[in-house]
Amino acid sequence: MYVRIQAEEIKAYAPTLLKGYRSPFSGASGDDNPTVFAGFVISNSEVGAGAFTLTPQLMVQVCDNGMTITKDVRRAVHVGSRMDEGLIQWSDETREQEINLIRSRTRDAVRTFLDVGYVTRQITKLEQIAGKPLDGAADVVRTVGKKLTFSETHIDGVLDHFISGGQRTAGGVLQAVTAYAQVIADADVAANIEAQGIRAMELAAAM
Numbered sequence: 000m001y002v003r004i005q006a007e008e009i010k011a012y013a014p015t016l017l018k019g020y021r022s023p024f025s026g027a028s029g030d031d032n033p034t035v036f037a038g039f040v041i042s043n044s045e046v047g048a049g050a051f052t053l054t055p056q057l058m059v060q061v062c063d064n065g066m067t068i069t070k071d072v073r074r075a076v077h078v079g080s081r082m083d084e085g086l087i088q089w090s091d092e093t094r095e096q097e098i099n100l101i102r103s104r105t106r107d108a109v110r111t112f113l114d115v116g117y118v119t120r121q122i123t124k125l126e127q128i129a130g131k132p133l134d135g136a137a138d139v140v141r142t143v144g145k146k147l148t149f150s151e152t153h154i155d156g157v158l159d160h161f162i163s164g165g166q167r168t169a170g171g172v173l174q175a176v177t178a179y180a181q182v183i184a185d186a187d188v189a190a191n192i193e194a195q196g197i198r199a200m201e202l203a204a205a206m
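Just so it is clear: in the sequence shown, position 113 is 112 by numbering that gives the first Met the number 0, and no numbers are missing.
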C-alpha cells in the first residue's frame with residue numbers, strides 16, 4: 000500500500016531545479032511555475048513484519064513529479080507484530096504506551112517533513128548539482144538506468160520523458176525518472192523507480 004500526502008499550503012520555489020523543464024504531460028513550464036510542495040509517502044507491506052515507512056517527498060506542481068528524500072525515511076513497527084514474539088505476555092498498558100510512542104514519533108516526523116524550512120533546505124541541496132549539463136545525454140540516461148538495474152523497457156521510458164522534459168542536465172534525469180514513474184501501472188514498481196530519482200540525478204552529475 001502506498002499513500003501519497005501533499006500539503007499545498009507548504010511550498011517553496013526551485014527555479015534552478017526546474018529551469019528549462021516542461022511537463023511531458025501538460026507542457027507546462029517549470030520556468031513559469033517553479034513551485035514545489037511539501038509532502039510524504041506512507042508505505043505498508045503485508046510481508047514487512049508489521050512495519051510501515053514514512054518518507055518525505057517534494058512535489059513539483061507543474062507535473063506532479065514526486066522527489067522522494069529516501070535518506071530521511073522513518074520506519075515504525077506495528078505493535079501487533081513484534082511485541083507478540085517471545086515468551087513475555089505484554090500488558091494492555093505496555094501496548095498502549097507503545098502505540099502512543101509510535102504515534103508521537105510519527106507526528107514529529109510529519110511535522111518535520113511538512114515544514115517550509117525543511118523543503119527549502121532540500122531544494123538547496125538538489126540545486127547544487129541539478130544544473131550540471133550533460134554531454135551525450137542519451138548515453139548518460141542509459142548508463143544511469145543500468146546502474147540502477149532498470150529494465151530496458153524502463154530505461155526507454157525514462158529516456159522518452161527526459162527528451163520530452165527538455166532539460167539536458169542532471170536535474171532533467173531526476174525529472175525524467177519521477178515523471179516516468181507516474182505512468183507505470185504496477186504500484187510497487189512505480190514506487191521503486193520514483194524513489195531512485197534523486198540517486199539517478201547524483202549518478203548523472205558524477206559522469
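Even glycine gets a Cβ: it sits at the ideal position worked out from N, Cα and C. On a predicted model such as this, the values are computed, not experimentally measured, just so you know.
Mind reading off the beta-carbon distance from Arg73 to Leu53? Whole number of angstroms is fine, and I expect it under 8 Å.
Their Cβ separation, rounded to whole angstroms, is 5 Å, which keeps Arg73 and Leu53 in contact under 8 Å.
Work out the CA separation of Gly26 and Ala190 for me, nearest whole Å.
For Ala190 and Gly26, the distance between alpha carbons rounds to 24 Å.
Classify Asn43 as helix, strand or coil using the three-state DSSP reduction.
If DSSP states are grouped into helix, strand and coil, Asn43 belongs with the strands.
Cutoff 7 Å; reference Gln88; Cβ partners in own chain excluding five residues on either side:
Here the set comprises nothing.
In angstroms, rounded to a whole number, what distance separates the CA positions of Asp138 and Glu201?
Using only the alpha carbons, I get a separation of about 15 Å.
Tell me where the alpha helix (DSSP H) around Tyr1 begins and ends.
Segment 1-12 is the beta strand (DSSP E) holding Tyr1; no alpha helix (DSSP H) there.
Nearest residue (CA-CA) to Asp114, options Asp155, Ala136, Ile9, Ser42:
Distance check between Asp114 and each of Asp155, Ala136, Ile9, Ser42 places Ile9 closest, using alpha-carbon atoms only.
How is Leu57 classed by DSSP in three states: helix, strand or coil?
DSSP places Leu57 in strand when its eight states are reduced to three.
Rounded C-alpha distance that separates Pro23 from Val109
So the two alpha carbons sit approximately 30 Å from each other.
Applying the 10 Å Cβ sphere with the 16-neighbour rule, what's the burial state of Pro14?
Looking at its Cβ environment, which holds fewer than 16 other Cβ atoms inside 10 Å, Pro14 is exposed.
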